[in-house]
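Asks: My numbering runs 11 ahead of the 1-based position in the sequence shown. Cβ atoms here follow ideal geometry from the backbone N, Cα and C, with glycine treated the same way. It should be emphasised that the depicted structure is a prediction, and the values quoted were computed from it without experimental measurement.
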Amino acid sequence: MLISLADDASCRQAILETGRFGLSVLRDNQKDLAELGAVPGGPKYVDVFCQDNDPGSNATMIAGALVHVECVVDRIFEVSNHTLLIGNVEEVVSRVDLPGGPLLYFNRTFHDLGESL
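See below:
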């Protein structure tokens, strides 16, 4: 997985120190949460929305998320005012048993999968 973080991203230092990051794919009914995390320069403290997963799993994901991917940092590239991190996937937790599809972001707008672009 590749993520790109602005140099002033609130989670950047923690990821660099721990060498780990996780990504949760939100459901189409979690647009408000996605917008909270999309505020440029805004705090990204989403711990209140997290849940622990099944025993034996190391992942902590956004409650109600469709999928969560846990990664360990493999490579780091500094590019302009961003840090690109490439992570090796260690664990994938899928919650397709809950209703709703993925929330997508395209052309500066959130969409669900069945919506016309």
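1) State yes or no: is the C-beta of Leu27 nearer than 8 Å to some heavy atom of the ligand ZN?
2) Taking Cβ positions, are Gly98 and Phe32 nearer each other than 9 Å?
3) Going by the DSSP bridge assignment, what does Ser105 pair with across the sheet?
4) Strictly by DSSP, which residues pair up with Arg38?
5) Taking buried to mean at least 16 other C-beta atoms within 10 Å of its own C-beta, is Glu81 buried or exposed?
6) With burial defined as no fewer than 16 other Cβ atoms inside 10 Å of the residue's Cβ, what is the status of Ser91: buried or exposed?
7) By Cβ distance below 8 Å, which residues in the same chain neighbour Asp18 in space, the five residues on each side in sequence not counted?
8) Can you give me the C-alpha to C-alpha distance between Leu77 and Glu89, rounded to a whole angstrom?
9) Between Glu102 and His79, what straight-line distance do the alpha-carbon atoms span, to the nearest angstrom?
10) For Ala20, does the three-state DSSP call read helix, strand or coil?
Replies: The structure says:
1) Only the bare structure without any ligand can be found here, which leaves the ligand ZN out of the picture.
2) Phe32 sits close to Gly98, with the two beta carbons spaced by under 9 Å.
3) Its beta-bridge partners are Val78.
4) Pro113, per the DSSP bridge assignment.
5) Glu81 is buried by the Cβ-count criterion.
6) Exposed: under 16 other Cβ atoms inside 10 Å.
7) Result list for Asp18: Asn92, His93 and Thr94, in chain order.
8) So the alpha carbons of these two residues sit roughly 31 Å apart.
9) If I take the Cα positions, the gap works out to 8 Å.
10) DSSP, read as helix, strand or coil, puts Ala20 in coil.
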